[in-house]
Amino acid sequence: MFNRCRLCFTVVMLSCVMLSGSAVADEAPRLAEQPIVVVRYGGLYAKSTETYVRKLRDDLGIGSAVTDALNSEKLKESVTKRENPASGMLVYLGEGLLPSVEQVVFSEVIDHAEFVRLINTRSESAGPVSKLDGSGDLYSMVLTNTWRVEENLIQSVSSSEVIEEPAATADNPIAENVEIGIDETPPSSSGNVTISPGASSGTGIFIGSHSDQSEGKLIEENGKKFREYSSQSTSYFRFHDGFMFESQTKALHTMKLPPGDSLRQMDNADVNGEVLFHPDRIPMGLRMLGWNAL
85 MFNRCRLCFT
95 VVMLSCVMLS
105 GSAVADEAPR
115 LAEQPIVVVR
125 YGGLYAKSTE
135 TYVRKLRDDL
145 GIGSAVTDAL
155 NSEKLKESVT
165 KRENPASGML
175 VYLGEGLLPS
185 VEQVVFSEVI
195 DHAEFVRLIN
205 TRSESAGPVS
215 KLDGSGDLYS
225 MVLTNTWRVE
235 ENLIQSVSSS
245 EVIEEPAATA
255 DNPIAENVEI
265 GIDETPPSSS
275 GNVTISPGAS
285 SGTGIFIGSH
295 SDQSEGKLIE
305 ENGKKFREYS
315 SQSTSYFRFH
325 DGFMFESQTK
335 ALHTMKLPPG
345 DSLRQMDNAD
355 VNGEVLFHPD
365 RIPMGLRMLG
375 WNAL
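Counting in our numbering, the sequence shown runs from 85 upward without gaps.
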């Protein structure tokens, strides 16, 4: 029965991810009030990991480089100083016919001052690519990565241009046989006529597509041309009831979060972690989709 429920949960999650792929990334989805999955890490936290790595070094003589890295001040400043902090992850479904799946990571901190310190430390560690905004209990951090690619022989053309270039070979049965219909299969394959969005490789007819921001920005420097590309990722943070919450969705700043006591309490104190799955919180339509897929 457990395996069947786990398989149903996997099918539902995959369905949500595929169906919600067309959602607008800038719009914060409205999330359900309760998570469908709660993951508690229990004894798996920074200090316990450090203790385990040091034991490996002492017993087996391995992991010296890792233990040296754990001694760095930067790493120590990036984790909470609380003993045995509760941590884990919450999985929410968005509202609507095609719900998104959003993850919210939580970790216990000493107080609000430590919450702010941890966020500032992370932003400083990222360097100039990081931009931190916010105040009080709500923060957001944008990471912008920029890279350049040297222009090669492929030349972009505009959406209104049709460039005809000489064929690479002299003998071409398709070009000579003008009676071949548009819907007929040509007698042999040929690279003479090609339709390619936005590029020309030197032969055939090429119909260019309109260039947009995803094609990068053309930059000339020291006589060389480059394409400059950039990508951004945003993380949202929130302090609530002694915990730091982090997610990739802006809904974190307004959604209802569980009380801290429910995150600290584990059903089984003898284990280092647990996963609680609540299938009754999945909309009936998605539950039927999961069962039918089985």
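Glycine included, C-beta positions come from ideal geometry on N, C-alpha and C.
None of the values given here were measured: they were computed from a predicted structure.
In the DSSP assignment, what are the bridge partners of residue i?
i	result
Glu192	Phe327
Lys308	Glu305
Arg322	Leu222, Phe329
Tyr313	Trp231
Arg206	Its beta-bridge partners do not exist; DSSP assigns none.
For residue i, report the span of its beta strand (DSSP E) as first-last.
i	result
Gly344	Counting along the chain, Gly344 falls outside any beta strand (DSSP E), though it belongs to the alpha helix (DSSP H) covering 344 to 348.
Leu177	171 to 177
Thr228	222 to 234
Leu336	Unbroken run through Leu336: none, as it is neither H nor E.
Glu358	358 to 361
Val213	No beta strand (DSSP E) contains Val213, which DSSP labels as neither H nor E.
Arg365	Counting along the chain, Arg365 falls outside any beta strand (DSSP E), and DSSP gives it neither H nor E.
Given a cut-off of 8 Å on the beta-carbon distance, is the pair residue i and residue j in contact?
i	j	result
Leu302	Val121	no
Tyr223	Phe321	yes
Gly62	Val123	Residue numbering for the chain in the displayed model covers 85 to 378; residue 62 lies beyond these limits and cannot be assessed.
Leu216	Ser209	no
Gly344	Phe323	no
Tyr164	Val193	First, the residue type needs correcting, since residue 164 is Thr and not Tyr in the sequence shown. For Thr164 and Val193, yes; Cβs fall inside 8 Å.
Gln316	Leu227	yes
Phe190	Leu378	no
Ser409	Thr230	The structure shown does not extend to residue 409, since the chain is modelled only from 85 to 378, so the question has no answer here.
Glu235	Arg166	no
Ala335	Glu117	no
Pro119	Leu174	yes
Gly126	Asn356	yes
May I ask you to report which of helix, strand or coil DSSP gives residue i?
i	result
Arg114	coil
Arg166	coil
Ser184	coil
Leu370	helix
Phe199	helix
Ala377	helix
Gly105	Residue placement at Gly105 is poorly supported in this model, since its pLDDT is 43, which falls under 50; the coordinates are not used for a value here.
Please check if any C-beta of chain C sits within less than 8 Å of the C-beta of residue i.
i	result
Asp345	Any reference to chain C falls outside this structure, which holds one protein chain only.
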